[in-house]
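Position 186 (the sequence shown) corresponds to 187 in this note's numbering; numbering is contiguous.
Where is the CB? At the ideal position from N, CA and C, for every residue including glycine.
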Amino acid sequence: MADNAAVLREWYRVHSRDLPWRKTKDPYKVWISEVILQQTRVIQGTPYYHRFLKTFPDVKSLASATVEKVLGVWEGLGYYRRALHLHEAARQVVEQHGGKFPVHYKDLIRLKGIGDYTAAAIASLCGGEAVPAIDGNVRRFLCRLYQLSLNPASASDNQYLKKIAVGFLQHHDPGTLNQALIEFGALQCTPGLPDCQMCPFQAECLACQNGVVELLPVRPGRIKPKTRYFTYILYVWRENGIPFVLIRQRATKDIWAKMYDFPLIESTEGFTSAEYGTKPDSGIPEPEPATVRQWMSETYIHQLTHQRIEARFLMKQLSAAPALVPQGCFKINLMEFRGLAKPRLISRFLDNAGWDLR
Ligand code: SF4
Numbered sequence: 002m003a004d005n006a007a008v009l010r011e012w013y014r015v016h017s018r019d020l021p022w023r024k025t026k027d028p029y030k031v032w033i034s035e036v037i038l039q040q041t042r043v044i045q046g047t048p049y050y051h052r053f054l055k056t057f058p059d060v061k062s063l064a065s066a067t068v069e070k071v072l073g074v075w076e077g078l079g080y081y082r083r084a085l086h087l088h089e090a091a092r093q094v095v096e097q098h099g100g101k102f103p104v105h106y107k108d109l110i111r112l113k114g115i116g117d118y119t120a121a122a123i124a125s126l127c128g129g130e131a132v133p134a135i136d137g138n139v140r141r142f143l144c145r146l147y148q149l150s151l152n153p154a155s156a157s158d159n160q161y162l163k164k165i166a167v168g169f170l171q172h173h174d175p176g177t178l179n180q181a182l183i184e185f186g187a188l189q190c191t192p193g194l195p196d197c198q199m200c201p202f203q204a205e206c207l208a209c210q211n212g213v214v215e216l217l218p219v220r221p222g223r224i225k226p227k228t229r230y231f232t233y234i235l236y237v238w239r240e241n242g243i244p245f246v247l248i249r250q251r252a253t254k255d256i257w258a259k260m261y262d263f264p265l266i267e268s269t270e271g272f273t274s275a276e277y278g279t280k281p282d283s284g285i286p287e288p289e290p291a292t293v294r295q296w297m298s299e300t301y302i303h304q305l306t307h308q309r310i311e312a313r314f315l316m317k318q319l320s321a322a323p324a325l326v327p328q329g330c331f332k333i334n335l336m337e338f339r340g341l342a343k344p345r346l347i348s349r350f351l352d353n354a355g356w357d358l359r
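What follows is the structure in structure tokens.
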């Protein structure tokens, strides 16, 4: 195994990408990079990494920020729960560690949103601990190298994989070796059919020797995404010529937690008929004054990891501001709403809608 570690280390020295978060051992910056990279690819994530650190250069600035500001900087990355967890964990670091970001696995794993992989990545890179950080890249490489049909849902199989990975880390620099394992899976031992002719492990890779590369690693059963149907009810009116809308803040136990959108009817049955747009039953009390005009948008599709959202927007133009506002909603002028954290779906709609209120 020691030889394998040396081969891997040399491969990494030659082939590793020059990425901004590899130039630091600051655990705060490494943490931010790891969370962003769980969400997106390197090329898309790099501008977010720079923007996030420019806005929140250290853990104290992140902890003292408002949720809205954190969500705003995260906007476009998706899976907003990660941003909320970042914010909560930053507060934990300030309250429990005096603002000094921990570097030991046992402390990191207690922070909100930090799982086994992220804790291991930070602890090895910034604290020098020999704990393996196993992501999909590492799993793929090791399962092929040793021809292992491990079940990713099995705790004992995962423990076994960790033991194998630890063998690579018995070197003087476990942080670099962890990075090298991840990078090797990302660049060389790629999904599908990798270029095994160019691989430094070709001679001893059991999957390659036995012709079963594309069968490994064993994949979990595919999760069928659930489709949800949203009909947003969009009350619009003008005050002194400026468009206003009714909005609400989303609950914490659903997608887009704490972000802002419009009152909503949700169904799991799909949009049933064309006349829906002319006979809406929103379940939301109609505000006074009455609607003077209404129209339905086209359907917007928004794909999340395990959910597909099909959304329509029923616009209801009022002659003046509603006297009574439905519970949980509040009035806001459209320009101010533009500045609030909101789902990308809503931003897309606002960009396309054109706000034809005449
Ligand atoms: S020989 Fe092919 S399958 Fe084996 S580790 Fe190298 S790239 Fe991966």
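Q.
Taking 7 Å as the cut-off, is the C-beta of F245 nearer than that to any heavy atom in ligand 1?
A. no
Q) Does the stretch 138-146 touch the stretch 102-116, meaning 3 or more C-beta pairs lie closer than 8 Å? A) no
Q: Kindly confirm or deny that the stretch 14-24 and the stretch 108-125 touch, where touching means at least three C-beta pairs closer than 8 Å.
A: no
(Q) Tell me the residue span of the alpha helix (DSSP H) that contains K30. (A) P28 to Q40
Q. Contact check, I248 vs F338 under 8 Å by CB: the rounded distance?
A. 6 Å
(Q) Does the distance between the C-beta of A148 and the nearest non-hydrogen atom of ligand 1 fall short of 7 Å? (A) Note that residue 148 is Gln in the sequence shown, not Ala. Checking the Cβ of Q148 against ligand 1 gives no.
Q.
Please return the same chain residues whose Cβ sits closer than 7 Å to the Cβ of I90, not counting the five positions on each side in sequence.
A. Here the sequence assigns Ala to residue 90, which means Ile is not the residue at that position. Counting only Cβ-Cβ distances below 7 Å, and skipping sequence neighbours, we find L112, K113, G114 and I115.
Q.
Can you determine whether any heavy atom of ligand 1 sits closer than 7 Å to the C-beta of A208, and answer yes or no?
A. yes
**Q.** heavy atom of ligand 1 below 7 Å from R10 C-beta
**A.** no
Q.
Using only the alpha-carbon positions, how far apart do P175 and L182 sit?
A. 10 Å
Q) If you check the beta carbons only, do P201 and V214 fall under 8 Å apart? A) no
**Q.** Boundaries of the beta strand (DSSP E) in which L335 is found, first to last residue
**A.** Per DSSP, L335 belongs to no beta strand (DSSP E); it is in the alpha helix (DSSP H), L335 to R339.
Q: Identify which residue in A354, V95, P323 and V8 has its Cα closest to the Cα of T300.
A: A354
Q: Pair every Cβ in the stretch 251-262 with every Cβ in the stretch 58-67, then say whether three or more of these pairs are closer than 8 Å.
A: no
**Q.** Member of G128, F185 and L319 whose CA lies at the smallest distance from the CA of I363
**A.** Given that the chain is displayed from residue 2 to residue 359, the structure contains no residue 363 and the question cannot be resolved.
Q. If R309 sits next to P226, beta carbons under 8 Å apart, how far is it from one beta carbon to the other, in whole angstroms?
A. 5 Å
Q.
Measuring straight from C-alpha to C-alpha, what distance separates P153 and A342?
A. 35 Å
(Q) Does N179 pass the burial test, meaning 16 or more other C-beta atoms within 10 Å, or should it be called exposed? (A) buried
Q: Within 10 angstroms of the Cβ of M316, are there 16 or more other Cβ atoms? Answer buried if so, exposed if not.
A: buried
Q.
Assuming the contact rule is C-beta atoms closer than 8 Å, T240 and A324 should be a hit. Round their C-beta distance to whole Å, please.
A. The question names Thr, but residue 240 is Glu in the sequence shown. 13 Å between Cβ atoms; not a contact.
**Q.** Residue burial classification, A120 (beta-carbon count within 10 angstroms, cutoff 16)
**A.** buried
(Q) Quick check on DSSP: helix, strand or coil for Q318? (A) strand
Q | Alpha carbon of L188 to alpha carbon of M199, nearest angstrom | A | 12 Å
Q.
Tell me the residue span of the beta strand (DSSP E) that contains T232.
A. K227 to E240
Q) Cβ of R145 versus every heavy atom of ligand 1: is any distance shorter than 7 Å? A) yes
Q. Looking only at its own chain, which residues have a Cβ that is under 8 Å from the Cβ of V31, when we skip the five neighbours before and after it?
A. W22, T25, A122, I123, L126 and C127
Q) Can you find a heavy atom of ligand 1 that lies under 7 Å from the Cβ of L214? A) Here residue 214 is Val; the residue named in the question, Leu, does not match the sequence. Under cutoff, so the answer is yes.
**Q.** Buried or exposed (CB count within 10 angstroms, at least 16 for buried), M260
**A.** buried
Q.
Can you look up P218 in the DSSP assignment and give me helix, strand or coil?
A. coil
Q | Residue burial classification, N138 (beta-carbon count within 10 angstroms, cutoff 16) | A | buried
Q. Any heavy atom of ligand 1 closer than 7 Å to the Cβ of C1?
A. Nothing about residue 1 can be reported from this structure: the residues present for the chain run from 2 to 359 only.
Q.
Please classify E130 as buried or exposed, where buried requires at least 16 neighbouring CB atoms within 10 angstroms.
A. buried
Q | Spatial neighbours of Q93 in its chain, beta-carbon cut-off 7 Å, leaving aside the 5 residues before and after | A | L112 and K113
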